[in-house]
Amino acid sequence: MVEINLQGKDINLRIGKDTATVDGASVKLDTKAVMKDDRTYVPLRFVSETLGADVKWDGAQNMVVIMFNGSAGDNPDAQPSPTTGDLWGRQVRKTNLPKNAADFPYILNDVPNEMYEMPYKLVADGTLHVPKEVFATDPQVKKSNIDHWVDRVKKHYQSILNADYHTIDYSWADQVYNTTNTGGRYLPDVQKYVDWVKENHIQIEGAVEPEPSIIYENWMGYNIRMKVKFRILNFDQDKKVLYDVYYKPGTYEKGKWYSGYADISLGSTTGEANLAVDNIASLTYNSIIRPME
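Counting from 1 along the sequence shown, just add 458 to a position and that's the residue number in our numbering.
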């Protein structure tokens, strides 16, 4: 057993084993830890992702350079895990945990248990890979890509939940279209909704907050969970008020605030790094949205 305290983390390594413990949490190594000439060798990925180090190759010196000048969140290849802490600098908690806490890399202070415990969206054969599994097995689900996906989802739904007949124009359609996986949906379809907002005097205001540490995979692909808050201020006809394939008339009372959580499906025709809001994503298909008190 090799015991190390580094960067405020208590690390236990067993020579010849491909697992380690960091602050009591088990971490899988790419290869076994070995000892040679009284030195312990571990995979560089462990040093980079778990310890938050910046690992680079210096070709001129023919050596690896390891720097600890930042947090794990400074590493674009870092993935959320029980040992990295939150990559976005937020506080995690160890008490009052949700029933399914084991599904997630960590539990955040400012995320209520209900958001974690909301059922996953299952389709077809019931395939499900929970967030902790996704982050541990798919190297593409890393901070740099997650930041890109979150930005697209947020821009997309900030537009949808702030459609206003007073100000809307085709630039609104461009924003929604550019943040969508466009397979099956085309810009003229979005522009038709812009025309409808003006004709039907639709006015909506709201905000969303995608949660980067809650990404799971079902048979269709990846989904990200987000907080939602909105109200529909005006419309003439309760018809296609929200730009959403599953919108049902009579669901929302005019002028009343609603809040909750929604799972947004992601898709891409060019690979995981370019995920965007899927063309059949919905605020209402797998969600908990209630009137606010």
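We treat Cβ as the ideally placed atom computed from N, Cα and C, and that holds for glycine.
Check                                                                                                                                              : Outcome
Please state the DSSP three-state secondary structure of alanine 491.                                                                              : coil
What is the DSSP secondary structure of glycine 584, counted as helix, strand or coil?                                                             : coil
Skipping 5 residues on each side, what residues in its chain have a beta carbon closer than 7 Å to that of methionine 678?                         : Val581, Ser723
Hey, quick one: how far does the beta strand (DSSP E) through threonine 477 stretch, first residue to last?                                        : 477 to 480
Residues in its own chain within less than 7 Å of glutamate 751 by CB, not counting five upstream and five downstream?                             : none
Taking aspartate 696 as part of the alpha helix (DSSP H), name the residues at either end of that continuous run.                                  : Per DSSP, aspartate 696 belongs to no alpha helix (DSSP H) and is neither H nor E.
Decide yes or no for the touch test of the region 703 to 711 against the region 554 to 562: beta carbon pairs closer than 8 Å, at least 3 of them. : no
Let me know the secondary structure DSSP gives isoleucine 672 once reduced to three states.                                                        : strand
Which partner residues of valine 608 appear in the DSSP bridge assignment?                                                                         : DSSP, once it has assigned bridges, lists no residue as partnering valine 608.
Do three or more CB pairs link the region 664 to 671 to the region 610 to 621 at distances below 8 Å?                                              : yes
So, tyrosine 651 versus tyrosine 701, is the Cβ gap smaller than 8 Å?                                                                              : yes
Apart from the five residues on each side of it in sequence, which residues of its chain come closer than 8 Å, Cβ to Cβ, to alanine 731?           : Gln598, Asn603, His606
At what residues does the alpha helix (DSSP H) containing serine 740 begin and finish?                                                             : First-last for serine 740: undefined, no H or E at that position.
For the ligand MG, is there any heavy atom lying closer than 7 Å to the beta carbon of aspartate 568?                                              : The ligand MG is absent from the structure shown, which contains no ligands of any kind.
So, under 8 Å CB-CB, asparagine 744 and lysine 590 are touching, yes? Tell me the CB distance rounded to an integer number of Å.                   : Contact doesn't hold; Cβ gap of about 19 Å is too wide.
Looking at C-alpha atoms only, which residue of Gly547, Tyr574, Asp647, Gly641 is the closest neighbour of asparagine 737?                         : Gly641
Can you tell which of Pro534, Pro749, Tyr719 has its C-alpha closest to the C-alpha of isoleucine 672?                                             : Tyr719
Compute the Euclidean distance between the alpha carbons of lysine 685 and histidine 587, then round it to the nearest angstrom.                   : 21 Å
Apply the 10 Å Cβ neighbour rule to leucine 555 and answer buried if 16 or more other Cβ atoms are within range, or exposed otherwise.             : exposed
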